[in-house]
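Here is the structure we will look at, set down as structure tokens.
In full-length UniProt numbering, the protein residues as written are 1 to 200.
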């Protein structure tokens, strides 16, 4: 049993190798643990609100977390140092690295007079993130907010889970274009599990 959080757990995730466990909760501090013996390696300190989502990239180089403090933060996995952050209009509810880790997707809450939105960012451009540069793609989401998100095969699609539905969206090869014509509508079932990512 791992004990390190003071409030309810919101997400638990292994890295690709399975030797590390990342945990997030409503107590503002994501933790990282050795999976073999449960030893806590450290925390990622900086958020001022509940942690709703997190992800670690394929090489366990970068860690990403989204919070109720209206920020998405990128961290160095080895040192725990914050690399950059993006300010948002509402809580960051979901986030995921692409398999290449060159891009990331995140979504914000439907709250405070703002609708849910999905953003795709270039994680290689840290200077742009520090300067709160524009997202590669920004999409308003109609209806229920996104509650889970993952990248599809070859980083060509993004699958989103909602309270009453799930959708798959095709990314165009042209930058700045998001082809919503491929969205799957009115499906009354869910993707429960994915070997390569979070479940919807």
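All C-beta atoms, glycine included, are put in the ideal place defined by N, C-alpha and C.
Model, not experiment: these values are computed from the prediction.
Could you have a look at residue 154 and say whether DSSP puts it in helix, strand or coil?
-> If you number the chain shown from 1, residue 154 lands on position 154. Residue 154 falls in the helix class under three-state DSSP.
Compare the beta carbon distance of residue 47 and residue 26 with 8 Å and say whether it is the shorter of the two.
-> Against the chain shown, residue 47 aligns to sequence position 47. Against the chain shown, residue 26 aligns to sequence position 26. The answer is no: Cβ separation not under 8 Å.
Less than 8 Å separating the beta-carbons of residue 15 and residue 23?
-> The residue given as residue 15 occupies position 15 in the chain shown. The residue given as residue 23 occupies position 23 in the chain shown. Cβ distance not < 8 Å, so residue 15 and residue 23 don't count as in contact.
Quick one, are the C-beta atoms of residue 55 and residue 99 less than 8 Å apart?
-> As a working mapping, residue 55 is identified with position 55 in the chain shown. As a working mapping, residue 99 is identified with position 99 in the chain shown. No; because the gap between Cβ atoms is not below 8 Å, this pair is not in contact.
Excluding the 5 residues preceding and the 5 following residue 111 in the sequence, name in chain order all residues of the same chain whose CB lies nearer than 8 Å to its CB.
-> The sequence position of residue 111 within the chain shown is 111, counting from 1. If we look at residue 111 and ignore the five residues flanking it on each side, its Cβ neighbours are 90, 91.
Starting from residue 85, follow the beta strand (DSSP E) in both directions and report where the run begins and ends.
-> The residue given as residue 85 occupies position 85 in the chain shown. Annotation for residue 85: the continuous beta strand (DSSP E) segment containing it runs 82-87.
Between the Cα of residue 163 and those of 113, 145, 104, spot the shortest distance and give me the residue it belongs to.
-> Residue numbering aside, residue 163 sits at position 163 when the chain shown is read from its first letter. Looking at the Cα atoms, 145 is the closest of the given residues.
Straight-line gap, residue 168 to residue 38 (C-alpha atoms, nearest Å) | The residue given as residue 168 occupies position 168 in the chain shown. The residue given as residue 38 occupies position 38 in the chain shown. Between residue 168 and residue 38, the C-alpha separation is close to 36 Å.
Report buried or exposed for residue 88, applying the criterion of at least 16 other Cβ atoms within 10 angstroms of its Cβ.
-> Here residue 88 refers to the residue found at position 88 of the chain shown. That one is buried.
Is residue 204 buried or exposed, if buried means 16 or more other CB atoms sit within 10 Å of its CB?
-> In the structure as shown, the chain begins at 1 and stops at 200. Residue 204 is therefore absent and cannot be evaluated.
Nearest-angstrom beta carbon gap, residue 120 and residue 103 [assumed within contact, 8 Å] = Start at 1 with the first residue of the chain shown, and residue 103 comes out as number 103. Start at 1 with the first residue of the chain shown, and residue 120 comes out as number 120. Contact annotation, residue 103 with residue 120: C-beta distance approximately 6 Å; criterion of less than 8 Å satisfied.
Take residue 136 as the anchor and find which of 157, 123, 148, 41 has the nearest alpha-carbon.
-> As a position in the chain shown, residue 136 is number 136, starting the count at 1. The option with the nearest alpha carbon to residue 136 is 123.
For residue 57, count neighbouring C-beta atoms within 10 Å of its own C-beta (all shown protein chains included) and say buried if the count is 16 or more, exposed if not.
-> Numbered from its first residue, the chain shown carries residue 57 at position 57. Buried, because 16 or more other Cβ atoms sit within 10 Å of the Cβ of residue 57.
May I ask which residues mark the beginning and end of the beta strand (DSSP E) holding residue 79?
-> Along the chain shown, read from residue 1 onward, the residue named residue 79 stands at position 79. Where residue 79 is concerned, there is no enclosing beta strand (DSSP E), given that its DSSP letter is neither H nor E.
Who are the near neighbours of residue 174 in its chain, counting only those whose CB is closer than 8 Å to its CB and skipping five residues on each side?
-> Here residue 174 refers to the residue found at position 174 when the chain shown is read from its first residue. Below a pLDDT of 50, predicted positions are generally treated as unreliable, and residue 174, at 46, falls in that range; the measurement from the model is reported next regardless. Excluding positions up to five away in sequence, the list is empty.
When the Cα atoms are used, what is the spatial distance from residue 143 to residue 109?
-> By one-based count along the chain shown, residue 143 stands at place 143. By one-based count along the chain shown, residue 109 stands at place 109. Taking the straight line joining both Cα atoms gives about 12 Å.
Which ranges does the beta strand (DSSP E) cover as unbroken runs of at least 3 residues, wholly within the segment 25-107, from first to last along the chain?
-> Taking only runs of at least 3 residues, the beta strand (DSSP E) segments lying wholly in the segment 25-107 are 31-34, 40-43, 51-56, 62-67, 71-76, 82-87, 92-97.
Check whether residue 71 and residue 85 have beta carbons under 8 Å apart = For this step, residue 71 is matched to residue 71 along the chain shown. For this step, residue 85 is matched to residue 85 along the chain shown. Result yes, Cβ atoms of residue 71 and residue 85 sit closer than 8 Å.
Take residue 76 as the anchor and find which of 18, 53, 45 has the nearest alpha-carbon.
-> Counting from one through the chain shown, the residue named residue 76 turns up at place 76. Comparing Cα positions, the closest option is 45.
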